[in-house]
């Protein structure tokens, strides 16, 4: 979600390695909820209030329940304080707030917390406290408490890598990232997480800590090095190498501004590309009108285009991730427009937003902005982040999965070839990210005696056994 300058690509020496799950694998799954509406007339933090992917956690003792947005575009747990003027105005009831002064387990660190996102800020104190989710408690996790100023009604838990704590506050009692903290707690064997948002419009998705579920993607899980910024891996930035689009008749490729660096960001819903690329894609589909929300421009198109067979494909040096029009054409509810200070009915009936838009090159080169592959892209991808090797895995999401097939992510001491050979999804996909099952084939190595039996977690249920638990995402 955070926007900042990009840095040079540094290759990672290690590689993410998967192995068949044991009878009692050390993996954690958790559910994410997706908000459908925003009742507050406040700024929107991912362009579209109501498209946030959230999980429920508690902080401190006695436990204080809060809802947090899962954000791969930032790096820290930032929570509103009920003492802030913003919350005092009644703006924090939906997502909740956290008061460290009422927790027996909180420890104050300093008052230097200042987090800047696209169009909102949080300012206050850094504290550490216990965080519980999915039946597991992590002790003394760094938390930003927005007690001084805030214009954000949401709480954010960043899973994007080393963040402000590691870069600016080296003396904090625990400057580990979220994944490092979970890893050190002993419940998973690697600082890794897999995220499956599910297709646009669905109500549930899932997060799996410490492992990969091969039933949730098709084809090969491609591994990419994360690009650091000033020596810190504080976001999931990778090289985008190809873009093509098919209008239902022919396929055309983009030949300019590629490769380019993009951030994989669950905290943003749209796709922001170099302006020349975005304009070319828009014109290829006959899109010429623009609509401004705050300082951001969005293309306008007929809502009927959501039913088009057209597909935009993104490549990273290997297999493509196909994004259908149903993910790129959205009709924002009135509550979203009102959050931007616009009256209901601002958009004419039958007119929708197109979610591939552009940033000017100079804004990215100056470090003000970064190109983004947000929810419109990630809803069609299976995303794996491994902080041990500073790599991500990407594959086409499978919207018709069979029984779960979980592989535990081993310590990062293997090769990329081993990953691609052992993590082929169990179905094949149709263009546009709508795969069709092929019978549930799984790698033969997972069918040994010590492999985990396939399981399917019902919606809203937490599965827990010998260090394994899964959290379901609700949208």
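Numbering (the working numbering), first residue to last: -16 to 458.
Here a beta-carbon is modelled for each residue, glycine too, at the ideal position from N, C-alpha and C.
Just so we're clear, the structure is a prediction, and the values are computed from it rather than from any experiment.
According to the DSSP secondary-structure assignment, residue 52 is paired through a beta bridge with 37, 139.
Between residue 175 and residue 370 the beta-carbon gap is near 7 Å, inside 8 Å, which marks them as a contact. DSSP links residue 364 through a beta bridge to 379.
Residue 223 places its beta carbon less than 7 Å from that of residue 245. Counting only the Cα atoms, residue 42 lies some 41 Å from residue 301. Between residue 164 and the set 196, 138, 125, 198, the nearest pair of CA atoms involves 125. For residue 199, the closest alpha carbon among the candidates 331, 378, 74 is that of 378. Rounded to whole angstroms, residue 87 and residue 44 show a C-alpha spacing of 5 Å. As summarised for the stretch 189 to 274, the continuous beta strand (DSSP E) elements at least 3 residues long and confined to that stretch are 194 to 196, 200 to 208, 220 to 223, 225 to 229, 234 to 236, 243 to 247, 254 to 257, given in chain order.
Under the three-state reduction of DSSP, residue 309 is assigned to helix. In the assembly as shown, residue 236 is an exposed residue. Its beta-carbon has fewer than 16 other beta-carbons within 10 Å. Of 72, 143, 39, 78, the smallest CA-CA separation from residue 215 is found for 143. Out of 95, 68, 188, 339, the CA that lies nearest to the CA of residue 355 is found in 339. Shown here, residue 43 sits in coil according to DSSP, grouped into three states, outside any helix or strand. Straight-line spacing of the CA atoms in residue 250 and residue 290 works out to 26 Å. Under the three-state reduction of DSSP output, residue 171 falls in the coil class, being neither helix nor strand. Exclusion of the five residues before and after residue 109 leaves 92, 93, 95, 96, 125, 127, 152, 155 as the residues of its chain whose Cβ lies within less than 7 Å of its Cβ. Collapsing the DSSP output to three states places residue 353 in coil. DSSP places residue 280 in the uninterrupted beta strand (DSSP E) bounded by 279 to 285.
Rounded to whole angstroms, the gap between the alpha carbons of residue 288 and residue 75 is 36 Å.
With contacts defined as CB atoms closer than 7 Å, residue 286 and residue 314 qualify as a contacting pair.
Under the 8 Å Cβ criterion, the stretch 247 to 263 counts as touching the stretch 47 to 62, having at least three qualifying pairs. Excluding sequence positions up to five before and after residue 161, its CB lies within less than 6 Å of the CB of 142, all in the same chain and listed in chain order. In terms of Cα proximity to residue 345, the closest of 182, 258, 130, 140 is 258.
Secondary structure at residue 335: strand, using DSSP grouped into helix, strand and coil.
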